[in-house]
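Undergrad: Got a structure for you, questions after.
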Amino acid sequence: MNPFTYSRATDGNAALSELAAANGQAKLLGGGTNLIDLMKMGVEQPKKLIDINRLAPLAKIEELPGGGLRLGALSRNSDVAEHPLVRERYPVLSQALLAGASPQLRNMATTGGNLLQRTRCYYFYDPAFPACNKRQPGSGCGALEGFNRIHAILGQSDQCIATHPSDMCVALAALEAVVRVQGPKGEREIPFGEFHTLPGEHLENDTVLGKDELITAVDLPAAPWVKHSHYLKVRDRASYTFALVSVAAVLEIDGGTIKQARIALGGVAHKPWRAKEAEQKLAGSRADEAAFRAAADAALAGAKGYKYNSFKIELARRAIVRALGTLAGTPRSA
Amino acid sequence: MNTPSIGQPLDRIDGWLKVTGGARYSAEIPVSGVVHGVLIRSTIANGRVAAMDIAAAEKLPGVLAVLTPFNAPRLPDKPGGVNDPRGGRRISVLQNDRVFYYNQPIGVALAETFERAVHAAELVNVRYDEQPPLVDLLSNESRAYAPRPPISRDRPVDQSRGDAASALADAAARVETTYFEPVENHNPMEPHATTAVWETPERLTVYDATQGIHNTRHRLANIFGLPPDHVRVICYFLGGGFGSKGPVWEHTALAALCAQKLGRPVKIALSRQGMFNNTGFRPELYQRIAFGADADGRLVAQRHECLQHNSMIDEFVESASVVTRMLYQCPHNYSSHRLVRLNIGTPSYMRAPGEASGTFALEGGMDELAYELKIDPVEFRLRNHADTDPSENDKPWSSKHLKECYQLGAEKFGWAKHNPHPRSMRTADGRWLVGYGMATASYPTRRSPSSAVARLLADGTALVQAGTQDLGTGTYTIMTQIAADALGLPVWKIRFELGDTLFPETPGSGGSQTAASTGSAVFNACTALKQRLVELAVNDLRSPLHGKSPGDVNVVNGRIQLVDFSVNGGSEPRQDNWIGETFADVVQRTGQPFVEVKADFKPANGEKFSMHSFGAQFCEVHVDSDLGRIRVARWTGVFAPGKILNAKTARSQLIGGIIYGIGMALLEETVYDKRDGRIVNPNLAEYHVPVNADVPQMEIAFVEEEDPHINPIGVKGIGEIGITGVCAALANAVFHATGKRVRELPITLDKLLG
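Each protein sequence line maps, in turn, to chains G and Y. So the first sequence is numbered by our numbering: it starts at -3 and just counts up by one. So the second sequence is numbered by our numbering: it starts at 48 and just counts up by one.
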């Protein structure tokens, strides 16, 4: 734990100017459920914490004209999960939130903060490990040849095989949410699929968010068909642990035929992983197990496993089939 | 007669204090002027500390000192001292620069606030001369050695009867395989913590989270060269320990060393990460078994060989094969333990050390052999029941009701209803395979000398004291119940105190022996106190009971009384012919503030009887047929552990043991990076202990058991038997559900995907 200063922002503009003034040395404090932990571990070492919890407008959950929903960046995970409109229109999001963390953590954790969760890679989380390109650019990847049971099987590079830990974000990826961001140059909107990055040049950054930008909200587009959605989380214990593999699935079925589908996977990649090849396979198919298997195979076609996590490839396939089967109400084949 | 308190489901005496925050755990006891110490821990697993740059840390405001191997005071090097392996666990307290394992304490940052101390510790720059560590057990098996005897208190390292090799070769049915378990950490809710206060340069008081205040006292006295009565150890409440708070570890000695150096009280509370490698753990263990039976399903031979790792500096044996020597009638038996020294911390006692792991291999192997023979697993165990103890020349049991446990357990669980064929049962929706599994539970009855003191006060209440500990299991409550019944007082008139070395010496709270040993001492003290009071009454001219025979009186609710048929004639007890007086009357007449008796308990009959608890575990698991997820659906545990002192805390103890076993079987694994010996998951996010959602409906039942041989209260102890057999019952149920034998813990879903 390094010494840091603490201030409490009274309005959004003040927070932004403090952030800009700190020159990348400040962090915004929302629920703190991940940031404080990382500071204790010495992984995050901000010089300044700007507490934005008093920015009341950011805590709202409001209906958008046309049937969408805006989740303020400070809306708490528990409030979003239990919100009647979320439950009614976006069940996959409610289910994903409730599958994550514990009630105590969900009461604190915010929508914006959830987007910025850092990986649970062991080699990132503990500075006693010397090698982590994400924590210390250029130091190597401890997980590549190490204990990599929870690591990525899709979209990874030899520089980093970490996974994104969020459940909520997997649902948001499937829902094609939009991240609203405010910075010195004003507001911008980032499609959810572009918000998180794959391992590239700047591994220390998990997202495209600028160091001087503030997430203000996440918009859920109106799409009545996404009501037919489901989140399946497969993990080592029954509750309160990160996904080995998770699936957010959305299906529109008409007369036994799939009109359109969305599938996003958690626990398998550096970002919430949208399985577009699988979605294309499903569109126009019969809603049956053969189609689900074909979709699962398509989703995992490019997967690569390591010493301890190869099982995730088959597990992800089966989880996709299970999630789609649950959603379609198809009976289990013997 | 009083209604007996023993056996009643009395609420915890200390429950109110705990739920209101009034119970002060060791780290919470306020000590004025306390300095906060934070350990600096090695980030390598083998080598030397070449240099430590403490300049930046020492310059921080509020930082008082940074102790390192280069500047720490030297402790007296004498018998029993810190360098003497006989003194207790070998600990690294900055006396040299050697690093033997990752996370080893190599320094202490001391500051006025905890935060400053944390920061100072992080600013210390350490340079190492690093050597490649030995981390992997199997690839270093050629270095295996036989540990020094005895193990598990008084057992031989290896034991052989008959000729197991030939008998195995001739057996009609045979199972030969290996069971594996990884390192598991205790993870009690309350982290370890010590506050050390030097009252004078020669007198030390420590507030310690310990399972043995007297053990801590003796160890610290030895390390610092003090007479034992110059060290006082206090521990009023514990948030669990599971064995990890048995030995004295580095932080305790370092707190005292730092306090001595600074001349101020010092508190060192470990972080969760700091409890990995520094406070013991269950070692990685391979159990190679070969069991053979004849065509009638009678065991002819058992071989059970154990290979585990050990640290470079000390020795701890997970005595896993000891249970195989005694549990079944088997003429040919060979068992052994071998250790390999690695650059890993020292393993230590963890809930049912030996038995929790040993029953995994033994009871898994028994299930495999039962399937091989096509005999029901319960029936197979009944056929091989040991009527006497085969490991001790067929010594009789002091008591044993294992057959009754099987029978009652099978009945309550509905064992007979299941189709024994693997993969034959599913849940209604077809998605989950259903499996039934069972195993025998067994734990030795351990007893140690113990003492207690009981006082009857002038107000008629009693104060009973023993220098024992309450791990959170209910020691305060059961001792109160024992005292109440022995004295003939209601429980609300008893005040039981523990957790201070000023009180009479008792053994550590380990080996399930507190109720059996200290409970017996409390019983003896209170029984003797009652006798003393009765004698004072009948020998006192001023007493209405003067001249009566002590054998004729009884004590009810603190009143000594008898029916005097000479009063008003008649031959029936009537209201007007009861004579007597209260304890309070007797005490007040002495003119003293109290009447006191101190008594001891000394174990007896050990040479005549073999003493064990037994039980039977039955469970149902559901396994997701596609995803491999395992859910424990229900559990029935039936135990015969002697007298039950409190139906509620006993049930909790056994449920706790079973849950601990569910964690061991399905979830827990401390992962070492084999390249460098660092621990990958030293936190509760990545080291998985069971959460509520992992715990099924539990049914606990007892077979009533009177055992006059073990101790005056007939108590065997229940702290550990609950976990025994759990891993095997689960692995056996997973086999029945899926047809797959997983012999490698933890049984995670990836092992069932294939």
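No residue lacks a Cβ here, since even glycine has one placed at the ideal position from N, Cα and C. Just so we're clear, the structure is a prediction, and the values are computed from it rather than from any experiment.
Where in the segment 496 to 566 of chain Y do unbroken runs of the beta strand (DSSP E), each at least 3 residues long, occur, reported from the N-terminal end onward?
TA: Counting only runs of 3 or more, we get 497 to 504, 509 to 512 and 541 to 544.
Undergrad: For ALA10 of chain G, I'd like the list of residues in its chain whose CB is within less than 8 Å of its CB, leaving aside the five on either flank, ordered along the chain.
TA: Here residue 10 of chain G is taken as the residue at index 14 of the first sequence, counted from 1. Correct list: empty, nothing qualifies.
Undergrad: Suppose the cutoff is 6 Å on Cβ atoms and the five residues either side in sequence are ignored; what does the same chain contact list for PRO496 of chain Y look like?
TA: On the second sequence, residue 496 of chain Y is found 449 positions in, with the first residue counted as 1. LYS649.
Undergrad: Short of 9 Å Cβ to Cβ, which residues in the segment 109 to 131 of chain G face chain Y?
TA: Answer set for the segment 109 to 131 of chain G: ARG116, TYR118, TYR119, TYR121, ASP122, PRO123, ALA124, PHE125 and PRO126.
Undergrad: According to DSSP, what are the bridge partners of LEU228 of chain G?
TA: For this step, residue 228 of chain G is matched to residue 232 along the first sequence. Answer is G:VAL243.
Undergrad: Starting from the beta carbon of ASP828 of chain Y, find every residue of chain G whose beta carbon is closer than 7 Å, and list them in chain order.
TA: This structure gives no information on residue 828 of chain Y, because the portion of chain Y shown stretches from 48 to 801.
Undergrad: Any beta-carbon of chain G closer than 7 Å to the one on VAL602 of chain Y?
TA: In the second sequence, residue 602 of chain Y corresponds to position 555, counting from 1. Not one chain G Cβ lies under 7 Å of VAL602 of chain Y.
Undergrad: Pull out every residue of the segment 456 to 479 of chain Y whose Cβ sits closer than 9 Å to any Cβ of chain G, in chain order.
TA: Against chain G - using a Cβ distance shorter than 9 Å - the residues of the segment 456 to 479 of chain Y are ASP476, GLY477 and ARG478.
Undergrad: Find the nearest neighbour of GLN229 of chain Y within the set Y:ALA214, Y:LEU354 and Y:PRO274, judged by alpha-carbon distance.
TA: The count along the second sequence starts at 1 and reaches residue 229 of chain Y at position 182. With the sequence shown as reference, residue 229 of chain Y is identified as Pro, and Gln is not the correct amino acid for it. Checking every option, the nearest Cα to that of PRO229 of chain Y belongs to Y:LEU354.
Undergrad: Can you grab the Cα-Cα spacing for the pair GLU231 of chain Y / THR717 of chain Y, in whole Å?
TA: For the purposes of this step, residue 231 of chain Y is taken as the residue at position 184 of the second sequence. For the purposes of this step, residue 717 of chain Y is taken as the residue at position 670 of the second sequence. In a straight line, the C-alpha of GLU231 of chain Y is about 5 Å away from that of THR717 of chain Y.
Undergrad: Starting from ILE706 of chain Y, follow the alpha helix (DSSP H) in both directions and report where the run begins and ends.
TA: On the second sequence, residue 706 of chain Y is found 659 positions in, with the first residue counted as 1. First-last of the alpha helix (DSSP H) with ILE706 of chain Y: 694 to 713.
Undergrad: Answer with yes or no whether the minimum CB distance from HIS735 of chain Y to chain B is below 7 Å.
TA: Considering every chain present, this structure includes no chain B. Its protein chains are G and Y.
Undergrad: Output yes if chain Y places a C-beta closer than 7 Å to the C-beta of ASP163 of chain G; else output no.
TA: Along the first sequence, read from residue 1 onward, the residue named residue 163 of chain G stands at position 167. So no, ASP163 of chain G is outside the interface.
Undergrad: I want to know whether the segment 58 to 70 of chain G touches the segment 139 to 146 of chain G - three or more CB-CB distances under 8 Å.
TA: No, because fewer than three Cβ pairs between the segment 58 to 70 of chain G and the segment 139 to 146 of chain G fall closer than 8 Å, the two stretches do not touch.
Undergrad: Please name the residue or residues paired with MET373 of chain Y in a DSSP beta bridge.
TA: Walking along the second sequence from the start, residue 373 of chain Y turns up at place 326. Looking at the DSSP assignment, MET373 of chain Y forms no beta bridge with any residue, so it has no partner.
Undergrad: Cβ atoms of ASN150 of chain Y and ASN390 of chain Y: under 7 Å apart, would you say?
TA: On the second sequence, position 343 is the one that residue 390 of chain Y refers to. On the second sequence, position 103 is the one that residue 150 of chain Y refers to. No. Outside cutoff.
Undergrad: DSSP beta-bridge partners for GLN744 of chain Y?
TA: As a first step, residue 744 of chain Y is located in the second sequence; it is residue number 697 there, counting from the start. Per DSSP, Y:ARG681.
Undergrad: Any contact of the segment 739 to 746 of chain Y with the segment 530 to 538 of chain Y, i.e. 3+ C-beta pairs under 8 Å?
TA: Output reads no: the segment 530 to 538 of chain Y does not touch the segment 739 to 746 of chain Y.
Undergrad: Could you say which of G:THR29, G:PRO180 and G:ALA148 lies nearest to GLY263 of chain G if we only look at CA atoms?
TA: The sequence position of residue 263 of chain G within the first sequence is 267, counting from 1. Of G:THR29, G:PRO180 and G:ALA148, the residue nearest in Cα terms is G:ALA148.
Undergrad: With a cut-off of 7 Å, does the C-beta of ARG233 of chain G fall near any C-beta of chain Y?
TA: Residue 233 of chain G sits at position 237 when you count from the first residue of the first sequence. For ARG233 of chain G, the answer is yes, since a Cβ of chain Y falls inside 7 Å of its Cβ.
Undergrad: For the segment 734 to 766 of chain Y, which residues have a beta carbon sitting closer than 8 Å to at least one beta carbon of chain G?
TA: Answer set for the segment 734 to 766 of chain Y: HIS735, PRO737, VAL738, ASN739, ALA740 and ASP741.
Undergrad: How about the segment 156 to 164 of chain Y and the segment 66 to 86 of chain Y: do they share at least three Cβ pairs that are nearer than 8 Å?
TA: Yes, the segment 156 to 164 of chain Y touches the segment 66 to 86 of chain Y.
Undergrad: Out of Y:GLY521, Y:ILE336, Y:GLN142 and Y:GLY675, which has the shortest C-alpha to C-alpha gap to GLU310 of chain G?
TA: For the purposes of this step, residue 310 of chain G is identified with residue 314 of the first sequence, where counting begins at 1. The candidate whose alpha carbon is nearest that of GLU310 of chain G is Y:GLY675.
Undergrad: Please tell me whether ILE198 of chain Y and SER366 of chain Y are closer than 7 Å, where the distance is taken between their beta carbons.
TA: Against the second sequence, residue 198 of chain Y aligns to sequence position 151. Against the second sequence, residue 366 of chain Y aligns to sequence position 319. Yes, they are a contact pair.
Undergrad: Note down the Cα distance separating GLY766 of chain Y from ASP517 of chain Y, rounded to an integer number of angstroms.
TA: Looking up residue 766 of chain Y in the second sequence gives position 719. Looking up residue 517 of chain Y in the second sequence gives position 470. If you take the alpha carbons of GLY766 of chain Y and ASP517 of chain Y, they lie about 12 Å apart.
Undergrad: In three-state DSSP terms, what is ARG266 of chain Y?
TA: What you label residue 266 of chain Y is simply residue 219 of the second sequence in a count that begins at 1. In the structure shown, ARG266 of chain Y sits in a helix (DSSP, three-state: H, G or I).
Undergrad: Take LEU25 of chain G and list the residues in its own chain whose beta-carbon comes closer than 6 Å to its own, dropping the five residues that flank it on each side.
TA: On the first sequence, residue 25 of chain G is found 29 positions in, with the first residue counted as 1. LEU45 and ASP47.
Undergrad: Under 8 Å by Cβ, that's how I've got VAL244 of chain Y and THR257 of chain Y pegged, so tell me the actual separation to the nearest angstrom.
TA: In the second sequence, residue 244 of chain Y corresponds to position 197, counting from 1. In the second sequence, residue 257 of chain Y corresponds to position 210, counting from 1. Rounded, the Cβ-Cβ distance is 15 Å, inconsistent with contact.
Undergrad: Taking the runs of the beta strand (DSSP E) that are 3 residues or longer, which of them lie wholly in the segment 231 to 300 of chain Y?
TA: Counting whole runs of 3 or more residues, the segment 231 to 300 of chain Y contains the beta strand (DSSP E) stretches 240 to 247, 250 to 255 and 278 to 281.
Undergrad: Which residue comes first and which comes last in the beta strand (DSSP E) that contains ARG131 of chain G?
TA: To locate residue 131 of chain G, count along the first sequence from 1; it is residue 135. Counting along the chain, ARG131 of chain G falls outside any beta strand (DSSP E), and DSSP gives it neither H nor E.
Undergrad: Under 7 Å between beta-carbons, which chain G residues line up against ARG676 of chain Y? List them in chain order, please.
TA: Working through the second sequence from its first residue, we reach residue 676 of chain Y at position 629. Simply VAL230.
Undergrad: At 7 Å on the CB atoms, spell out the chain Y contacts of GLU310 of chain G, in chain order.
TA: One-based indexing of the first sequence puts residue 310 of chain G at position 314. Per Cβ cutoff of 7 Å: LEU800.
Undergrad: What is the DSSP secondary structure of GLN635 of chain Y, reduced to helix, strand or coil?
TA: On the second sequence, residue 635 of chain Y is found 588 positions in, with the first residue counted as 1. GLN635 of chain Y: helix per DSSP, three-state reduction.
Undergrad: Is DSSP giving SER660 of chain Y helix, strand or coil here?
TA: Mapped onto the second sequence, residue 660 of chain Y falls at position 613. If DSSP states are grouped into helix, strand and coil, SER660 of chain Y belongs with the strands.
Undergrad: Within 7 Å of any Cβ in chain G, is that where the Cβ of ASP131 of chain Y sits?
TA: Position 84 of the second sequence, counted from the first residue, corresponds to residue 131 of chain Y. Cβ-Cβ to chain G under 7 Å: no for ASP131 of chain Y.
Undergrad: Where does PRO650 of chain Y sit, in a helix, a strand or coil, going by DSSP?
TA: Residue 650 of chain Y sits at position 603 when you count from the first residue of the second sequence. In the structure shown, PRO650 of chain Y sits in coil (DSSP, three-state: anything other than H, G, I, E or B).
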